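Only one structure is covered here, and it is reproduced in the block below.
2 protein chains.
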Amino acid sequence: MPDTISMTTGTLISAGKVNGTSVFNPVGEKLGTIHDTMIDKNSGHVVYAVMSFGGFLGMGEKFHPLPWAKLKYDDQKGGFVVNLDKKQLEHAPSYDSNVDFTWTPAYGQKVDTYYSMPLKVM
Amino acid sequence: MPDTISMTTGTLISAGKVNGTSVFNPVGEKLGTIHDTMIDKNSGHVVYAVMSFGGFLGMGEKFHPLPWAKLKYDDQKGGFVVNLDKKQLEHAPSYDSNVDFTWTPAYGQKVDTYYSMPLKVM
Chain A
1 MPDTISMTTG TLISAGKVNG TSVFNPVGEK LGTIHDTMID KNSGHVVYAV MSFGGFLGMG
61 EKFHPLPWAK LKYDDQKGGF VVNLDKKQLE HAPSYDSNVD FTWTPAYGQK VDTYYSMPLK
121 VM
Chain B
123 MPDTISMTTG TLISAGKVNG TSVFNPVGEK LGTIHDTMID KNSGHVVYAV MSFGGFLGMG
183 EKFHPLPWAK LKYDDQKGGF VVNLDKKQLE HAPSYDSNVD FTWTPAYGQK VDTYYSMPLK
243 VM
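Chains as they are written, first to last, in this note's numbering: chain A, 1 to 122; chain B, 123 to 244.
Here it is as structure tokens:
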């Protein structure tokens with residue numbers, strides 16, 4: 001079955017297209033790719049984008065939830081830009097890609113707290 | 123690679139889990155399954171759920187965008203419920219699953235208009 005929403009005009013994007021989109025830092029280094037998005041059932045808001053980071057053929061790969069509000073889409077780069085460097089990402093909340101993971105409100109708060117901290121130069 | 127967000131507690135759901143979720147009408151008839159969601163890049167709102175309807179092995183299948191606000195998640199049914207019957211769905215804006223489709227703001231308006239119409243008993 002082809003991917004039927006090949007493009008959009010305007011501000012809408014298909015969640016299926018968000019998955020697989022690259023994430024860059026402001027200096028253009030690729031940090032990872034979007035694996036999934038987390039939606040609030042009640043409000044219909046996308047709250048987190050889950051970024052895949054590192055690993056090779058699924059080995060050692062980690063998933064990093066990022067607050068959606070931290071991501072800016074850059075048409076020229078063809079991906080999202082977040083104001084994070086790789087070291088900040090290494091210490092951020094994450095989980096292994098090859099384990100089942102239950103998302104809890106407490107985990108979401110941990111993510112929120114981490115990313116609301118002032119970003120230090122490390 | 124396993125599906126790593128197997129479940130959540132609280133109100134968040136993974137977009138990857140939304141895809142494939144059944145859609146029922148209020149009397150419990152299955153109308154289709156969610157194929158994708160359309161997100162507003164700027165606001166981070168899920169605006170439409172694209173429901174797959176009909177067809178067999180991809181033949182004759184159609185995609186029906188539904189305003190997200192029309193969908194209510196029902197834990198007991200394990201799916202979304204929309205207040206639509208099959209006839210209303212047959213006349214709703216849709217496109218073939220096996221053609222590339224460009225989503226435009228005008229198409230979104232067509233969907234909005236259709237579903238904001240008073241729903242008649244047909």
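C-beta: ideal position from N, C-alpha, C; glycine also.
Small disclaimer: the values here were computed from a predicted structure and weren't measured.
Between residue 112(A) and the rest of its own chain, which residues show a CB-CB distance below 8 Å, the 5 nearest in sequence each way excluded? 67
Can you tell me which of the three DSSP states residue 149(B) falls into? DSSP places residue 149(B) in coil when its eight states are reduced to three.
Determine the closest residue to residue 70(A) out of 166(B), 193(B), 154(B) and 144(B), with distance taken between C-alpha atoms. 166(B)
Does the beta-carbon of residue 230(B) have 16 or more other beta-carbons within 10 angstroms, so that it is buried, or is it exposed? buried
Give me the DSSP bridge partner(s) of residue 162(B). 12(A)
Which of helix, strand or coil does DSSP assign to residue 193(B)? coil
Of all Cβ atoms in chain A, is any one closer than 7 Å to the Cβ of residue 167(B)? yes
Please report how far the alpha carbon of residue 60(A) lies from the alpha carbon of residue 96(A), in whole angstroms. 7 Å
Using only the alpha-carbon positions, how far apart do residue 93(A) and residue 33(A) sit? 16 Å
Endpoints, the alpha helix (DSSP H) within which residue 79(A) is located: First-last for residue 79(A): 79 to 81, but that is the beta strand (DSSP E), not the alpha helix (DSSP H).
If you follow the beta strand (DSSP E) that residue 228(B) is in, where does it begin and where does it stop? Unbroken run through residue 228(B) is the alpha helix (DSSP H), 227 to 238; no beta strand (DSSP E).
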